[in-house]
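Novice:
4 protein chains.
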Amino acid sequence: MIKAGIIGATGYAGAELVRLLLGHREAEIVWYGSRSYVDQSYAKVYQNMFQLVDAVCMDDNMEEMASKVDVIFTATPQGLCASLVKEEILQNVKIVDLSADFRIKDVAVYEKWYGIEHKAPQFIKEAVYGLCEINREKIKKARLIANPGCYPTCSFLSVYPLVKEGLIDPNTLIVDAKSGTSGAGRGAKVDNLFCEVNENIKAYGVAAHRHTPEIEEQLSLAAGKPVLINFTPHLVPMQRGILVTAYASLLKDVSYEEVKAVYDQYYQNEYFVRVLEKDVCPQTRWVEGSNFVDVNVKIDPRTKRVIMMGAMDNLVKGAAGQAVQNMNLMFGLDEAEGLRMAPLFP
Amino acid sequence: MIKAGIIGATGYAGAELVRLLLGHREAEIVWYGSRSYVDQSYAKVYQNMFQLVDAVCMDDNMEEMASKVDVIFTATPQGLCASLVKEEILQNVKIVDLSADFRIKDVAVYEKWYGIEHKAPQFIKEAVYGLCEINREKIKKARLIANPGCYPTCSFLSVYPLVKEGLIDPNTLIVDAKSGTSGAGRGAKVDNLFCEVNENIKAYGVAAHRHTPEIEEQLSLAAGKPVLINFTPHLVPMQRGILVTAYASLLKDVSYEEVKAVYDQYYQNEYFVRVLEKDVCPQTRWVEGSNFVDVNVKIDPRTKRVIMMGAMDNLVKGAAGQAVQNMNLMFGLDEAEGLRMAPLFP
Amino acid sequence: MIKAGIIGATGYAGAELVRLLLGHREAEIVWYGSRSYVDQSYAKVYQNMFQLVDAVCMDDNMEEMASKVDVIFTATPQGLCASLVKEEILQNVKIVDLSADFRIKDVAVYEKWYGIEHKAPQFIKEAVYGLCEINREKIKKARLIANPGCYPTCSFLSVYPLVKEGLIDPNTLIVDAKSGTSGAGRGAKVDNLFCEVNENIKAYGVAAHRHTPEIEEQLSLAAGKPVLINFTPHLVPMQRGILVTAYASLLKDVSYEEVKAVYDQYYQNEYFVRVLEKDVCPQTRWVEGSNFVDVNVKIDPRTKRVIMMGAMDNLVKGAAGQAVQNMNLMFGLDEAEGLRMAPLFP
Amino acid sequence: MIKAGIIGATGYAGAELVRLLLGHREAEIVWYGSRSYVDQSYAKVYQNMFQLVDAVCMDDNMEEMASKVDVIFTATPQGLCASLVKEEILQNVKIVDLSADFRIKDVAVYEKWYGIEHKAPQFIKEAVYGLCEINREKIKKARLIANPGCYPTCSFLSVYPLVKEGLIDPNTLIVDAKSGTSGAGRGAKVDNLFCEVNENIKAYGVAAHRHTPEIEEQLSLAAGKPVLINFTPHLVPMQRGILVTAYASLLKDVSYEEVKAVYDQYYQNEYFVRVLEKDVCPQTRWVEGSNFVDVNVKIDPRTKRVIMMGAMDNLVKGAAGQAVQNMNLMFGLDEAEGLRMAPLFP
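Here is the structure:
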């Protein structure tokens, strides 16, 4: 039985980790870390866990935790994981960091977009970007995983095959993304109140969102050259779900069937990426609560562009689910253990 | 492996049965019945099941189904199950009927409130009312289960201990219930459109809802005398969830602690009924997607009334989950098999 | 042109006052008071008012305000109005207090339920409870109006005719109320975040909500004897709207038509109270954005109870609209000026 | 007093026309046309109008209507207006057609995208595209107005100044639009049920939506050359509102201030177009229920693209409000009469 500790167990991503690990047959949570709720019953904070979790929240002491667990998940704001991680810790436990601290290889880019100093740049090179479908073999051998951001996961998986195959010009990529409100976290902010979010849609972080360089770095690796894109996130009045609509110019005349074949080639053995059938658009309702990413494309012969679409649950494949998937790979388990639940609908 | 067939697999309750049975380790669905979608791929109707269910919808032939399955779930409108069931069928398979056909023992009451003739009154006596927490032993031996209605399940479990113990006057009971919209089904009706349901709350079926006699019959059995109540359902702009707020006059001066002790006595061994801690009100968000019923009470010494509250997912404990729980009991399985998932939040 | 000042202009009720007064032909706002946003542009806080309101928020100085305006609206937390009001102020301006400070005549009851000391008990007697349909003539002559609470307005108007006529036993009254989330205010609280409110319904303040004694005091006046009731509010995932479902035992055998005639007698000349037609239940969607209260009743001959229902917009008739209605009466204007907009649907 | 008749008064756009015209001081509705509800009380279909509208629905007889009214609004499916309009009718009344029948000048394009034969091509040339901010003078003299589509109104006004001024390459335009569900109409379809729309976002009509050629035609006129764009609409779980996020490559190095100056130049005298302040993104909540379009832009120097954004209420400026604005212009009234209401929030 793998012993797991969570730092930040009372945020939405942390709570989703709890839900998923409770259903995992080879892992158990032994440390519910939450600086804000130290000594309080976890099930009082998340009452869905009443009679399921019988634990109190503990402080975020990574060193002590490292002596008691096999894997640590950090579901915390940027900067915290980097400020805590040390070589001695990594010699004892594996870490899956759900924050952005180790996602971007160029520390200057990280510091510019996040506006904070990186406290542990020595681990950036070692850290593996935990997009399982792309870096599976590296993940299996990693000590430190940079769990991808929600938008980058959905954006990248939606466009990856065409970038990798050189069928589109990556510098024409425009990613228009839409997210449910759980992505904004559980902080008490006026902007996230029910009456402010409901009956509303807005763009935010336009031309400035921090997930932009993360997506660009992965795209650059896939394209083999530097890529700059436009990325615009939007806030949607729903709880879970990310939808990506991406646009790019085609470099060749290709049919839908040819493009579909490329997607199938890349994803046919990927349990969690579902390439939909022709003319079926991804919808967030069909993946809610699950680790699936649904993708499909549409070609517009009039403009010679392709529209690439992806839908995913931001808290599962976009955060906690992918973290568990990474854990499974790191510990040599069935990659889908604990993640086989069907999407919940309605 | 238990082979299951579903009649009405494309309604919301039927779809929830599919979701739950996919996660059940000792049952598999071999017949997806749906008169409206015969010969169509099930995963095209419910796209969340893409790559999870590889079956086409079949007609509702109960006789043929009975030769191929061990248990039949009928998640269909009132009257259909009664029109199909026969002694020869019941000799081959067990039936869990999610409709109201066999819930009410007095056929005249059924025919009056439902406005249709009962086509199989000969089975009413044999049918067991499948409220597992109350009729567990009978269920284990039953061939035909009348799976309780969503409102009756939540209403009855919320008030049962106090009625049974004679602490309240059951004829003062007023049950004010609120339900998510999935309870209204997947029929294409203007009243259930997003723009009609959203930003709205309304009562419906006031003093006339068909679940009233079902609740009253069970209450009468518990009280040992005829009981008449007021029951008012309301439609809430959410997908899942039922909340019951019930009021009754206390027959004795009792403290909260005494009442709590009564609830604990009845429910402490019931995995799916969670008696909350003092001053914690049930909320539908804490049970979503799960088979739990959360209950609690509040005493008002000023009016000498008790307010009893219960929250539950109408599609799980109020329909498909309870049906699976009944199946588990009928086949001698662990009662909670396939139903242990934690509630999904947010 | 009546000059109006608002204390608390950046709460939801205050903002609704701004919306309504902008459409009022005989009033204009000259003071936007908001302690939290002093010196900030009002239209930056409420961007719907961009290019419509060209003013900055000012402090809550009631004395200075009194020298510049004809009427002051206080849309503030309990206690503030009582702490500011003085005889010299009331000699200069009329005050419509949207808080509870002057609603309850018995200061001991106020202090018990609200848990604060009343700072201006000397004005309680003079203050008029501003339920226009009941106290119209007193309002016309008042200097200080206690604008009724949202739940009390809807609850009381829904049951008033039957209480006044002695057709029901008021001590059997149970008021089960449901409110949209704007009633919870614009404070940044986790409980009011989108992800916590959406897909959820809960009761709160059970047997302890502060609107209970307010409703009881008005009912006692109507019944001519002390009345105790049960009142249970619920939070509904919608922005606006209150629905009241009230239950009471009938003291006589009466038909729906007889009860309807009583309602018509009380309300046929009331523009803002609409007695619906037989079997039509009030719904919040049909009053949104308007000052209407829709009411109707249903008789249950089985239990000899009557179910009384009312729907209203909590921010309009339940707060800002009724405040404007009171202002209109106090200044001798057409009672409906500024309040004739039809409900917005969908 | 202008007498107005509505064909299709019971759809969402028709109902919004009723709401707006009830508040209009110089127009009154004398004919509520609704083929589906002939002889039924209008206020029974739209209960918000109880005691406000005392009329029964009538058939869609345009000829008879033309003898009784001054202006006819057709809020009906494509093809109906074209099938009814005749020279004799246009000699008697003005027509504002809310359908697409007369929006596209090239009848072949109309017939291809809409898949129906145009029944009155002889009026296409005469019909004026009723985008008031662009075609004001032509509208004043028109007999037949093609009221613009909801998406085209918001899309076009968001990008128009930069296209007209030649600052962007119009053939790089990508319009990613998001709409509330009222845009899908009041038809009883499974896809528009609450449980299907809520907690979901999806693209639809990808590379094939009928509003594409309408936007392109207007853009081509503005650019002075043929323009092809990508247009992708999305369905959002809210009732009202359209948000447009549009992307294009800049043809020159320009600063935000220069671009802002261009928008101000085009819109500073337009009451209904609000150019927001720097870094403020349009949001649908700030225009709900009003005739405003809020626009703003963001420049991305990294990619040399500009992101243009617009928010609007699809039922008001996107349908009924613009129709009333057109009527006002045609009859020489104040253009904003009946349309000055502030946006409703929350």
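Read top to bottom, the protein sequences are chains A, B, C and D. Add 82 to a position in the first sequence, counting from 1, and you land on the number used in this note's numbering. Add 82 to a position in the second sequence, counting from 1, and you land on the number used in this note's numbering. Add 82 to a position in the third sequence, counting from 1, and you land on the number used in this note's numbering. Add 82 to a position in the fourth sequence, counting from 1, and you land on the number used in this note's numbering. C-beta atoms are modelled at their ideal positions from N, C-alpha and C, and glycine is treated no differently.
Along the chain, which unbroken stretches of the alpha helix (DSSP H) at least 4 residues long are found entirely within the segment 314-381 of chain B?
Specialist: Entirely contained in the segment 314-381 of chain B, the alpha helix (DSSP H) runs reaching 4 residues are, in chain order, 338-349.
Novice: Distance cutoff 8 angstroms, beta carbons only. Does residue 431 (chain C) sit that close to anything in chain B?
Specialist: Since the displayed chain C opens at 83 and closes at 428, residue 431 (chain C) lies outside it and no answer follows.
Novice: Along chain D, in chain order, which residues have C-beta atoms closer than 8 angstroms to that of residue 270 (chain B)?
Specialist: Here residue 270 (chain B) refers to the residue found at position 188 of the second sequence. Chain D residues near residue 270 (chain B): 270, 271, 272, 275.
Novice: Helix, strand or coil: how does DSSP classify residue 397 (chain A) here?
Specialist: Here residue 397 (chain A) corresponds to residue number 315 of the first sequence, with the count starting at 1. It is coil, neither helix nor strand.
Novice: Please check if any C-beta of chain B sits within less than 8 angstroms of the C-beta of residue 96 (chain A).
Specialist: The residue given as residue 96 (chain A) occupies position 14 in the first sequence. So no, residue 96 (chain A) is outside the interface.
Novice: Have a look at residue 378 (chain A) and residue 413 (chain A) and give me their C-alpha separation to the nearest angstrom.
Specialist: For the purposes of this step, residue 378 (chain A) is identified with residue 296 of the first sequence, where counting begins at 1. For the purposes of this step, residue 413 (chain A) is identified with residue 331 of the first sequence, where counting begins at 1. Straight-line Cα distance between these residues: approximately 32 angstroms.
Novice: Can you find a CB in chain B that lies within less than 8 angstroms of the CB of residue 315 (chain A)?
Specialist: Residue 315 (chain A) sits at position 233 when you count from the first residue of the first sequence. By this cut-off, residue 315 (chain A) is not an interface position.
Novice: Starting from residue 130 (chain C), follow its DSSP beta bridges and name the residues at the other end.
Specialist: Taking the first residue of the third sequence as position 1, residue 130 (chain C) is located at position 48. None; residue 130 (chain C) has no bridge partner.
Novice: Determine the DSSP secondary structure at residue 312 (chain D), reduced to helix, strand or coil.
Specialist: Here residue 312 (chain D) refers to the residue found at position 230 of the fourth sequence. The answer is strand: DSSP assigns residue 312 (chain D) an E or B state.
Novice: Report, in whole angstroms, the separation of the C-beta atoms of residue 320 (chain C) and residue 217 (chain B), which I expect to be a contact under 8 angstroms.
Specialist: The residue you call residue 320 (chain C) lines up with position 238 of the third sequence. The residue you call residue 217 (chain B) lines up with position 135 of the second sequence. Not really, about 38 angstroms apart at Cβ, beyond 8 angstroms.
Novice: Counting only Cβ-Cβ distances shorter than 8 angstroms, please list the residues of the segment 317-348 of chain B near chain A, keeping chain order.
Specialist: Within the segment 317-348 of chain B, the residues whose Cβ lies closer than 8 angstroms to some Cβ of chain A are 321, 322, listed in chain order.
Novice: Just reading off the alpha helix (DSSP H) that residue 246 (chain D) is part of, what are its end residues?
Specialist: In the fourth sequence, counting from the first residue as 1, residue 246 (chain D) sits at position 164. Where residue 246 (chain D) is concerned, the enclosing alpha helix (DSSP H) stretches over 232-246.
Novice: What does the alpha-carbon distance come out to for the pair residue 99 (chain A) and residue 314 (chain A)?
Specialist: To locate residue 99 (chain A), count along the first sequence from 1; it is residue 17. To locate residue 314 (chain A), count along the first sequence from 1; it is residue 232. Roughly 27 angstroms separates the two Cα atoms.
Novice: What residue range is occupied by the uninterrupted alpha helix (DSSP H) comprising residue 386 (chain B)?
Specialist: Numbered from its first residue, the second sequence carries residue 386 (chain B) at position 304. Counting along the chain, residue 386 (chain B) falls outside any alpha helix (DSSP H), and DSSP gives it neither H nor E.
Novice: Do residue 301 (chain B) and residue 226 (chain B) have their C-beta atoms within less than 8 angstroms of each other?
Specialist: Residue mapping note: residue 301 (chain B) aligns to position 219 of the second sequence, counting from 1. Residue mapping note: residue 226 (chain B) aligns to position 144 of the second sequence, counting from 1. It is not a contact, given that the beta carbons lie outside the stated cut-off.
Novice: At 8 angstroms on the CB atoms, spell out the chain D contacts of residue 417 (chain A), in chain order.
Specialist: Taking the first sequence and counting its residues from 1, the one referred to as residue 417 (chain A) is at position 335. Correct list: empty, because the minimum Cβ distance to chain D is about 27 angstroms.
Novice: Using the beta-carbon of each residue, which ones in chain C are nearer than 9 angstroms to residue 366 (chain B)?
Specialist: Residue mapping note: residue 366 (chain B) aligns to position 284 of the second sequence, counting from 1. Residues of chain C passing the Cβ test: 281, 282, 283, 284.
Novice: What do you reckon, are the CB atoms on residue 415 (chain C) and residue 110 (chain C) nearer than 8 angstroms?
Specialist: The residue you call residue 415 (chain C) lines up with position 333 of the third sequence. The residue you call residue 110 (chain C) lines up with position 28 of the third sequence. Contact: no.
Novice: Does the beta-carbon of residue 351 (chain A) have 16 or more other beta-carbons within 10 angstroms, so that it is buried, or is it exposed?
Specialist: Taking the first sequence and counting its residues from 1, the one referred to as residue 351 (chain A) is at position 269. Classification of residue 351 (chain A): exposed, given that the 10 Å Cβ count is below 16.
Novice: Should residue 112 (chain C) be listed as close to the ligand NAP, given that the test is whether its C-beta is under 7 angstroms from any heavy atom?
Specialist: The ligand content of the structure shown is nil, which means the ligand NAP is not present either.
Novice: Between residue 263 (chain A) and chain C, is the shortest Cβ-Cβ distance under 8 angstroms, so that the two count as touching?
Specialist: In the first sequence, residue 263 (chain A) corresponds to position 181, counting from 1. At least one chain C Cβ lies under 8 angstroms of residue 263 (chain A).
Novice: Hey, is residue 310 (chain C)'s beta-carbon within less than 8 angstroms of any beta-carbon in chain D?
Specialist: If you number the third sequence from 1, residue 310 (chain C) lands on position 228. It does not; no Cβ of chain D falls within 8 angstroms.
Novice: Which runs of the alpha helix (DSSP H), 4 residues or longer, sit entirely within the segment 161-217 of chain C?
Specialist: For the segment 161-217 of chain C, whole alpha helix (DSSP H) runs of length 4 or above, ordered along the chain, are 162-166, 169-174, 189-196.
Novice: Starting from the C-beta of residue 90 (chain C), find all residues in its chain whose C-beta is less than 6 angstroms away, skip the five residues before and the five after it, and write them out in chain order.
Specialist: As a first step, residue 90 (chain C) is located in the third sequence; it is residue number 8 there, counting from the start. Within the same chain, residue 90 (chain C) has close Cβ partners 96, 157, 158.
Novice: Can you give the Cα-Cα distance for residue 335 (chain B) and residue 297 (chain B), rounded to whole angstroms?
Specialist: As a first step, residue 335 (chain B) must be located in the second sequence, where it is residue number 253. As a first step, residue 297 (chain B) must be located in the second sequence, where it is residue number 215. If you take the alpha carbons of residue 335 (chain B) and residue 297 (chain B), they lie about 26 angstroms apart.
Novice: Check for me: the alpha helix (DSSP H) holding residue 297 (chain C) runs from which residue to which?
Specialist: In the third sequence, the residue the question calls residue 297 (chain C) occupies position 215. First-last of the alpha helix (DSSP H) with residue 297 (chain C): 293-305.
Novice: Where do the ends of the alpha helix (DSSP H) carrying residue 103 (chain D) lie?
Specialist: Counted from its first residue, the fourth sequence places residue 103 (chain D) at position 21. Taken as a continuous stretch (DSSP letters only), the alpha helix (DSSP H) holding residue 103 (chain D) covers 94-104.
Novice: For the segment 383-402 of chain B, which residues have a CB atom closer than 7 angstroms to at least one CB atom of chain C, in sequence order?
Specialist: Going along the segment 383-402 of chain B in chain order, one finds 384, 385, 387, 389, 391 with a Cβ nearer than 7 angstroms to chain C.
Novice: Can you give me the Cβ contacts of residue 287 (chain C) inside the same chain, cut-off strictly under 7 angstroms, excluding the 5 residues immediately before and after it?
Specialist: Residue mapping note: residue 287 (chain C) aligns to position 205 of the third sequence, counting from 1. Same-chain partners within the cutoff: 315.
Novice: Throw me the rounded Cβ distance for the residue 114 (chain D) and residue 264 (chain D) pair, which I believe falls under 8 angstroms.
Specialist: On the fourth sequence, residue 114 (chain D) is found 32 positions in, with the first residue counted as 1. On the fourth sequence, residue 264 (chain D) is found 182 positions in, with the first residue counted as 1. In fact, because the Cβ distance is near 19 angstroms, the residues do not count as touching under 8 angstroms.
Novice: Kindly indicate which three-state DSSP category residue 119 (chain B) falls into: helix, strand or coil?
Specialist: Translated into positions along the second sequence, residue 119 (chain B) becomes position 37. Correct three-state label for residue 119 (chain B): helix.
Novice: How close, in whole Å, do the beta carbons of residue 398 (chain C) and residue 332 (chain C) come, if the pair is a contact with beta carbons under 8 angstroms?
Specialist: One-based indexing of the third sequence puts residue 398 (chain C) at position 316. One-based indexing of the third sequence puts residue 332 (chain C) at position 250. Going by Cβ atoms, the distance from residue 398 (chain C) to residue 332 (chain C) rounds to 32 angstroms, so no, they are not a contact pair.
Novice: In whole angstroms, give me the CA-to-CA distance for residue 373 (chain A) and residue 404 (chain C).
Specialist: Taking the first sequence and counting its residues from 1, the one referred to as residue 373 (chain A) is at position 291. Taking the third sequence and counting its residues from 1, the one referred to as residue 404 (chain C) is at position 322. Near 50 angstroms, if we compare the C-alpha coordinates of residue 404 (chain C) and residue 373 (chain A).
Novice: Let me make sure I understand the geometry here. Which of A:209, A:219, A:165, A:224 has the alpha-carbon closest to that of residue 199 (chain A)?
Specialist: Position 117 of the first sequence, counting from 1, holds the residue named residue 199 (chain A). Of the candidates A:209, A:219, A:165, A:224, the one whose C-alpha sits nearest the C-alpha of residue 199 (chain A) is A:165.
Novice: Here's a check: name, in chain order, each residue in its chain whose Cβ is nearer than 8 angstroms to the Cβ of residue 427 (chain A), leaving out the five neighbours to either side.
Specialist: As a position in the first sequence, residue 427 (chain A) is number 345, starting the count at 1. Cβ within range, chain order: 367, 368, 370.
Novice: Can you list, in chain order, the residues of its chain whose CB lies under 6 angstroms from that of residue 244 (chain B), leaving out five sequence neighbours each side?
Specialist: Indexing the second sequence from 1 puts residue 244 (chain B) at position 162. For residue 244 (chain B), where only same-chain residues beyond five positions count, the Cβ hits under 6 angstroms are 250.
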